[in-house]
Structure formats: structure tokens, C-alpha cells
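Under UniProt numbering, the first residue of the sequence shown carries the number 1, and numbering increases by one thereafter.
Where a beta carbon is used, it is the ideal one built from N, C-alpha and C, also for glycine.
Quick caveat: nothing in here was measured; it's all calculated off a predicted structure.
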Amino acid sequence: MEVTSSNFQDVLCELENVLKDATFLSIDGEFTGLNSGPDAGPFDTPAQYYGKLRAGSMDFLLVQFGLSVFTYNSQTNKYSQRSYNFYVFPKPLNRQIPDSRFMCQASSIAFLANQDFDFNKLFKYGIPYLSANEEEKLVKRLEEKQKLKEENNQDIIPIPDNDKPQIEEICSRIENFLASDAKELTIDRCNGFMRRLVYQEARVRWPNKVKVESKIENTWNCLLVQRVGTKEEEEERENEKREKEKLEIKQAVGLSNLLKKIVESEKIIVGHNMLLDLCHIIHQFFTPLPSNYSDFKTLIHGLFPSLLDTKVICQSQQFKELVSSSNLNILLEIVSKPPFSIPDIEPVEGRSYSISTEKSHEAGYDAYITGLCFIALSNYLGILQNSENATVLPNSPLLNPFLNKLPIARLKDFPYVNLVGKDPNPSREHVFYITFPKEWKHADISQLFSPFGGGYVSWLSDTSAYIGLYRRDQASAVMANLSKGTVCKIQKYAQHQATLQADVSSEDRKRKLSSSENVDAKDDEKSTANGVKAPENDDEWQVATGKRRKKRKEQAAAVVADKKAFEENDAWN
Numbered sequence: 001m002e003v004t005s006s007n008f009q010d011v012l013c014e015l016e017n018v019l020k021d022a023t024f025l026s027i028d029g030e031f032t033g034l035n036s037g038p039d040a041g042p043f044d045t046p047a048q049y050y051g052k053l054r055a056g057s058m059d060f061l062l063v064q065f066g067l068s069v070f071t072y073n074s075q076t077n078k079y080s081q082r083s084y085n086f087y088v089f090p091k092p093l094n095r096q097i098p099d100s101r102f103m104c105q106a107s108s109i110a111f112l113a114n115q116d117f118d119f120n121k122l123f124k125y126g127i128p129y130l131s132a133n134e135e136e137k138l139v140k141r142l143e144e145k146q147k148l149k150e151e152n153n154q155d156i157i158p159i160p161d162n163d164k165p166q167i168e169e170i171c172s173r174i175e176n177f178l179a180s181d182a183k184e185l186t187i188d189r190c191n192g193f194m195r196r197l198v199y200q201e202a203r204v205r206w207p208n209k210v211k212v213e214s215k216i217e218n219t220w221n222c223l224l225v226q227r228v229g230t231k232e233e234e235e236e237r238e239n240e241k242r243e244k245e246k247l248e249i250k251q252a253v254g255l256s257n258l259l260k261k262i263v264e265s266e267k268i269i270v271g272h273n274m275l276l277d278l279c280h281i282i283h284q285f286f287t288p289l290p291s292n293y294s295d296f297k298t299l300i301h302g303l304f305p306s307l308l309d310t311k312v313i314c315q316s317q318q319f320k321e322l323v324s325s326s327n328l329n330i331l332l333e334i335v336s337k338p339p340f341s342i343p344d345i346e347p348v349e350g351r352s353y354s355i356s357t358e359k360s361h362e363a364g365y366d367a368y369i370t371g372l373c374f375i376a377l378s379n380y381l382g383i384l385q386n387s388e389n390a391t392v393l394p395n396s397p398l399l400n401p402f403l404n405k406l407p408i409a410r411l412k413d414f415p416y417v418n419l420v421g422k423d424p425n426p427s428r429e430h431v432f433y434i435t436f437p438k439e440w441k442h443a444d445i446s447q448l449f450s451p452f453g454g455g456y457v458s459w460l461s462d463t464s465a466y467i468g469l470y471r472r473d474q475a476s477a478v479m480a481n482l483s484k485g486t487v488c489k490i491q492k493y494a495q496h497q498a499t500l501q502a503d504v505s506s507e508d509r510k511r512k513l514s515s516s517e518n519v520d521a522k523d524d525e526k527s528t529a530n531g532v533k534a535p536e537n538d539d540e541w542q543v544a545t546g547k548r549r550k551k552r553k554e555q556a557a558a559v560v561a562d563k564k565a566f567e568e569n570d571a572w573n
């Protein structure tokens, strides 16, 4: 089912109960790009891989979110499924909402276009969203606005001479409005300072007769003038306004509301190679990704405590010889044939896809076929164990070895990230860090290591690389014969990683020291301002105390207050 801003609220209500009854959820995402930084190398650590993903991928957007809900019926021994394809775009609904900037990667956009991705629908009807921090700021801003309005104790601001004609013209229009039968008057295109003056004049000239409020019309800030009604009418109007504001916040939070419900459901979530998908989901809809790798694992597990990735399952010993490719579409073909089988899935009318109508790289469809592949792989595990039940449900102990493990692309020997324990720790005794002249090519490195069986070269820069020996038993021979070379310098992988870690720790200490010095400098400035460390040749103005300093402080406060009066904001109404 296609979901845009036009029908999202209805679908959100529908999913309230659907999620409660679900057996598992499968997800997928489509993005405006994949990476803007250095590619991960085959000999990176998981922490380094995560650091590159965080730095190079989070400026792109997840623009399509696919959700497929699979519900098992124990009476019929069948799954039913309903799938949703959400268009996602951070279109600001008003000026209070952040106006997002994001990156696009030409190859990714071209790829989506080739898959008939509807960009017009995305930009026009995409569902907005706010992170938790952005939502909190918006709510706080509205609360402060309401508090200012209730206090109603703003000082009178003198009207500048050049603004008096416009103010008088507006006040004349309000007078005519009060003498007419019109229900309301709209005064368009008023800047923030002009709106402030109109509020002030209305309060002074027509107390308890007119009500002036700010509204946005065609992206412009306007003023809406209405007659003050009875006490009951005003209370009803105020309640309606607050309900409208609540609805606007709900609409602005948008898809984040759905992700919150998914988190609250605590359902098992299935994906295919979904580390990047989860990073974008957390970054866009919840909170920026932490810089620390361990903190990231804690965060992702806290939000999604039960994750299963079909790629991790495919890479396991039970499936290695049967699954020739982990490409999702190829995997679907493989599990559609013996020894696998995809059971009959009952579609929910108007909410389902079918593999007979392929829609590859539409997020909803990919989430759907991910769920199908997962069911087929799980059931095959039951066959291997001679299970009496034809259906292996997601909470089966047979799937525990794969729970909360996410595959890492590109790394040659780290199969996955373990969210609930230590990551795999493969030996890299056969890997070396080498530095060499800038003129060297791949052939020069290959020739250097050819007496030891050669190796896989992973370039780091023009003058450095990692090399992993094909023959691991030659590691000691390499160090014995090449470690004393003058043209090329060689270092064990573990030693180089320790050096990198020491450099990182040193940088952290420098940052902390710098931060501490800045605090000390500020303290010195404060001490100077209090007359403790007055310079010998000062003019006694900066360090003055008593009435003279108090007067200066009051003047500074007045300037700040005047500046606030001229700011472009809607906090006056």
C-alpha cells in the first residue's frame, strides 16, 4: 500500500492494532545516496567501519520506508501479511519547523529514477518527520509563546516615525472592521516588528474588543483580527486553537510517530543487510548517532531489542553451500525452489504485494520479499532439525544464534556486528601495514611479497596500504626478511592499530585539555571584570564596580531587550 502525507494519519491509526497482533515486522529503506566519505576498507575494525558510515552516510536521506507486517494464525497455520510503502520527506509545514539540508549522490538518484521512483510524489506528498530533540524544541517554543500571551505584560514600544503611517492605516482598517458585519480581517505581509506594534496598539485602543493573532498564509506571516466574544466563546476558541496546535505538532512529527509505535511494540524486526537502514532510522527519527561505537550498539539494542538479518542467516554454515548470492532478488529465487519452499501467505486486500508483480527497490516490496525469504530460511532450519512443526516462528530457539547480529559489508573477516556481546575477533596476524615511496604501484607491492605467496592489497593512501597474506603461515618469514628494509617500512597490523588508538586517545586528551583551558580563560576574564586582576594601564571603566558598573549593566540589558523586540518571530501574539 502506498502511503503519503494525504493518507498517513489514517494508516497510522490502522497500524495501532496491526502492530500489536504482529508476529514479526520486516523493513527496508531507499536513500538519496550511500557514502560521501572514504570507503570502508577490508581490514578496518568494526568500530572504524561504523565511524566511516556515521561520517559519510548520515547527510543523505531515507526517502522511502518499507514496512511489512506478518501475522501468524495458529488456527490455520498460515501467515497473513500487509505491506506499506511510505514516501518520506522533511517538508517544513510552517516556519517553526526546521528547514532541512541534505545530500544527494548522482548514481543513487539515477538508480532510483531507473526504478521509476516518483520524485514528484516524494517532494509534494512525502511524509514529514521530526527527531525527538526537534519535537521537544517545537513543543517548548509553543509553550513559551502561550506563556508570553498569558502574561500579557509587554512594555510599550515607541512607534518609529517612519512606521507611524502604516500603523495608522492598519488601525483605520481595524476601526472599519469593527463598524462592519465582517467576522474577521486579514492584514497581510507584516514583518515581526510591525506585528508587535499592531498587537500593542490593539491592546491599547480596543481593550477586550478585538483579538489579533498571527497566522501563515501562502508562506507569508499575516495578522488575523477578530472580535472578542463572550467568555465561553473565547474559551472554546482557545481550546480549538490548542487542539489545532497539537494536530500541527502531530503532523510535523509525522513518520517519527510510526517509528515510536514500532519501538513500543517490541516486535522482532527482520531486514536484509539492514545496518545502514537502522542507522538512518535512528539518525532521522530519533537522535544523532553517537561517535562511540559501544554507545551505538547500546543505543540500537535499546530501541530494537530483537533483530534478525537474513544476510547473517545466509552466511551461516547451514546455508553457505545452498545460497550462492545474498542479493535479495536472487535470494528470493533460491528460496522459491527445493530444498526451500515459500508457504502460502494470505494477503490482506488493498494492503499487499505479490511476487508475480515485481517492484524491486520499492521499499515496501523489498520489505515484503525480505519477510518471505526469512520465513523460507527459518522453516528450512526446522527441516534440518527434523522439527515436527512445519513453521519455525521468529521466537524459535533455532534462530537464537542469529539474533541481534548485523552484517558488515566490505570487511573480509568480520561477518557481523554483535549488538549484545563482543564482536568476532578473527586473527589478523597475516596482515601488515606498509609504507612505501609515492611512485610505487600495485605491481611493486605484489613483487615485494611474491616470495611469501603474495597477498591482498588494500590501499590507504599514495604511500601506505594493508596487505593480507594469502599464505598465513608466512607471516613470521615476512617480518624476518622485510622488517629491516629501508625503502619500504613494514609493521604488524596489531601494532599499527595500537598506534592509531594511541593517537585517538592523545587527540581526546588534547580536546579535553583545550576545553579546560578555555574554561580557565573565561574564569580569568570574569575575575578581571570583577576587579580581581585589573591590568595596570586600564581606564578603570571595564573593572568599575558599584553604581557606575550597575548603570552600564542596565544599559546593556536595555540594548538586548530592544534587539529582541526587532527579531523576526511570532512570540508576540
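Exercise for review: Look at the Cβ atom of residue 258, then the Cβ atom of residue 12, and state whether they are nearer than 7 Å.
Suggested key: Between residue 258 and residue 12, the C-beta gap is smaller than 7 Å, which places the two residues in contact.
Check your understanding: What does residue 308 pair with, by DSSP beta-bridge criteria?
Key -> 270
**Study point:** Same chain, Cβ closer than 6 Å to residue 8, five either side skipped, listed in chain order
**Key:** In the same chain as residue 8, and ignoring 5 residues on each side of it, the C-beta atoms closer than 6 Å to its own belong to 127, in chain order.
Check your understanding: Using 8 Å as the threshold, is the stretch 63-77 in touch with the stretch 381-394, meaning 3 or more CB pairs across them?
Key -> yes
**Study point:** Counted within 10 angstroms of its Cβ, other Cβ atoms place residue 548 as buried (16 or more) or exposed
**Key:** With a pLDDT of 39 at residue 548, under the threshold of 50, the modelled position of this residue cannot be trusted, and the question is left open.
Check your understanding: Where does the unbroken beta strand (DSSP E) through residue 82 begin, and where does it stop?
Key -> 78-87
Check your understanding: Candidates 201, 133, 214, 239: which alpha carbon is nearest residue 191's?
Key -> 214
Check your understanding: Which of helix, strand or coil does DSSP assign to residue 74?
Key -> Coil at residue 74, not helix or strand.
Check your understanding: Is the stretch 372-383 close to the stretch 31-49, with three or more CB pairs under 8 Å?
Key -> no
Check your understanding: Expressed to the nearest angstrom, what Euclidean distance is found between the alpha-carbon atoms of residue 266 and residue 351?
Key -> CA-CA distance, residue 266 to residue 351, rounds to 22 Å.
Check your understanding: On the three-pair Cβ rule with 8 Å, is the stretch 62-75 touching the stretch 362-369?
Key -> yes
Point to revise | Validate contact between the stretch 169-182 and the stretch 282-289 using beta carbons, cut 8 Å, 3 pairs | key: no
Check your understanding: The beta strand (DSSP E) spanning residue 431 covers which residue range?
Key -> 431-435
Practice item. Specify, as a first and last residue, the run of the beta strand (DSSP E) that residue 24 falls within. Key: 24-31
Practice item. Would you be able to state if there are at least three C-beta pairs under 8 Å between the stretch 294-314 and the stretch 246-257? Key: no
Practice item. Can you have a look at residue 230 and say buried or exposed, based on whether 16 or more other CB atoms are within 10 angstroms of its CB? Key: exposed
Practice item. Taking only the alpha-carbon atoms, compute the straight-line gap between residue 52 and residue 27 and give it to the nearest angstrom. Key: 23 Å
Point to revise | Contact under 7 Å by Cβ, residue 185 with residue 225 | key: yes
Review point. For the alpha helix (DSSP H) that contains residue 347, what are its first and last residues?
Key: Where residue 347 is concerned, there is no enclosing alpha helix (DSSP H), although the beta strand (DSSP E) it sits in stretches over 345-347.
Review point. I think residue 255 touches residue 129, with their Cβ atoms under 8 Å apart; what is that distance to the nearest whole Å?
Key: 4 Å
Review point. Taking the runs of the alpha helix (DSSP H) that are 4 residues or longer, which of them lie wholly in the stretch 313-355?
Key: 328-335
Review point. Alpha carbon to alpha carbon, what distance is there between residue 326 and residue 378?
Key: Straight-line Cα distance between these residues: approximately 16 Å.
Review point. Taking Cβ positions, are residue 19 and residue 261 nearer each other than 7 Å?
Key: Taking the C-beta atoms as reference points, residue 261 is found nearer than 7 Å to residue 19.
**Study point:** Entirely enclosed alpha helix (DSSP H) segments - the stretch 117-193, minimum 4 residues
**Key:** 119-125, 132-151, 164-179
Check your understanding: When the Cα atoms are used, what is the spatial distance from residue 241 to residue 94?
Key -> Taking the straight line from one Cα to the other gives about 16 Å.
Point to revise | Contacts around residue 525, its chain only, beta-carbon distance under 6 Å, and the 5 residues preceding and following it disregarded | key: Summary for residue 525: the model assigns pLDDT 48, below 50, so the residue's position carries little reliability, and this model does not support an answer.
**Study point:** Helix, strand or coil at residue 54 according to DSSP, with G and I counted as helix
**Key:** Under the three-state reduction of DSSP output, residue 54 falls in the helix class.
**Study point:** Nearest-angstrom Cβ-Cβ length linking residue 309 and residue 405, presumed shorter than 8 Å
**Key:** Beta-carbon to beta-carbon, residue 309 and residue 405 are separated by about 7 Å, close enough to satisfy the 8 Å threshold.
Review point. For the beta strand (DSSP E) that contains residue 229, what are its first and last residues?
Key: Element bounds for residue 229: n/a, residue is neither H nor E.
Exercise for review: Can you check DSSP and say which residues form a bridge with residue 282?
Suggested key: Answer is none; residue 282 lacks a bridge partner.
**Study point:** Option in 106, 17, 205 with minimal Cα separation from residue 35
**Key:** 106
Point to revise | Nearest-angstrom Cα separation, counted from residue 244 out to residue 141 | key: 15 Å
**Study point:** DSSP three-state assignment for residue 452, whether helix, strand or coil
**Key:** The answer is helix: DSSP assigns residue 452 an H, G or I state.
Exercise for review: Please work out which residues of its chain come closer than 6 Å, Cβ to Cβ, to residue 328, disregarding the five sequence neighbours upstream and downstream, and give them in chain order.
Suggested key: 272
Check your understanding: Can you give, in chain order, each stretch of the beta strand (DSSP E) that sits fully within the stretch 384-450 and has at least 3 residues?
Key -> Annotation: the stretch 384-450 contains the following complete segments of the beta strand (DSSP E) (minimum length 3 residues), in chain order: 405-407, 416-418, 431-435.
Exercise for review: Please go through the same chain and pick out, in chain order, the residues whose beta-carbon is closer than 6 Å to the beta-carbon of residue 470, but skip the five residues on each side of it.
Suggested key: 453, 454, 455
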